[in-house]
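Single-structure report; data block below.
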Amino acid sequence: MTLLKTKKIILTTFMSFLFLFIVFVITLFILGPDYLKAKSSPEKSDAIILLSGGEERLEQAVKLYNDERANKIILTNSTEHWTKVETVSERGIAKQDLIEEPEATSTFENATLSKEIMKEHKFKSAIVVTSDYHARRTKMTFDRVYDSDIQLSYSFADSFFNPNDGLTERETKTVFTEYVKMIAYWPRLLFV
């Protein structure tokens, strides 16, 4: 390969990455942090799918269970503290109403592995519980992974994320991370 061809390849690669970065920044600017949130609309269901990640999610699932929105809770990544059977049962949930899923390490795996459990138990509907800042990616992923014969609704727990009063350093990192992950998920979800 000649030096000129090598320079063209390097320049083209650099310009492509620069273009993608600019598109990403413009997307962040246009959509903003509020786009990450979505409206909760929990419907009475066969199960609650509790995504691991924090106490606020657990509290939301317990509230839905106590309000009799569902009588079973699927604990995704049930090795994490807030989705362990012991932790959840300490909140007054009967152990026989808890279904463990210990292997998920991502939102995509939460969706695919909980779908297997839903089919195994012949559940036809579920409320997916996660944090408010994680709402858009969760909804995008679960809606794509799940079949139309399983009805999903969503309940998003309030968290530290409140972009209306200006972004803290933690919120800024969260916005950036969520957008990067959403963009990274799109190609993967095309082939589900």
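In this text, residue positions in the sequence shown follow UniProt numbering: the first is 1, and each later residue adds one. Backbone N, C-alpha and C define an ideal beta-carbon position, used for all residues, glycine too. Small disclaimer: the values here were computed from a predicted structure and weren't measured.
- The three-state reading of DSSP puts Ser153 in strand, counting E and B together.
- Ranked by Cα distance from Thr138, the first of Glu56, Val88, Val62, Ala38 is Ala38.
- The C-alpha of Asp34 is placed about 28 Å away from the C-alpha of Ser16.
- With a contact defined as Cβ atoms closer than 8 Å, Tyr133 and Glu178 qualify at about 6 Å.
- If you ignore the 5 residues before and after Thr79, its C-beta comes within less than 6 Å of the C-beta of Pro102, all in its own chain and listed in chain order.
- Restricting attention to Ile9, Leu64, Lys44, the CA atom closest to the CA of Ala157 is found in Leu64.
- In this structure Ser159 touches Ser131 by the C-beta definition: roughly 4 Å separates them, less than 8 Å.
- The count of Cβ pairs closer than 8 Å, one atom from the segment 66-78 and one from the segment 139-152, stays below three, leaving the stretches out of contact.
- Rounded to the nearest angstrom, the gap between the Cα atoms of Glu169 and Phe108 is 26 Å.
- Contiguous beta strand (DSSP E) elements confined to the UniProt domain "DUF218" (46-180) occur at 47-50, 73-76, 98-101, 125-131, 151-157, taking only those with 3 or more residues.
- By the Cβ-count criterion, Glu171 is buried, with 16 or more other Cβ atoms from all chains shown falling within 10 Å of its own Cβ.
- Under the three-state reduction of DSSP, Pro42 is assigned to coil, being neither helix nor strand.
- Per the C-alpha coordinates, the member of Lys84, Asn71, Ile10, Val192 positioned closest to Thr141 is Val192.
- With contacts defined by Cβ atoms closer than 9 Å, Leu20 and Val129 do not form a contacting pair.
- Take Ala126, set aside five residues on each side of it, and the residues of its chain with a beta-carbon closer than 8 Å to its own are Ser45, Asp46, Ala47, Ile48, Ile49, Ala70, Ile74, Ser114, Met118, Ile150, Gln151, Leu152, Ser153, in chain order.
- For Glu100, same chain residues with a beta-carbon under 7 Å away, outside a window of 5 residues either side, are Leu75, Ser78, Val85 in chain order.
- For Phe21, the three-state secondary structure derived from DSSP is helix.
- Residue environment analysis places Ile93 among the buried positions, since at least 16 neighbouring C-beta atoms fall within 10 angstroms of its C-beta.
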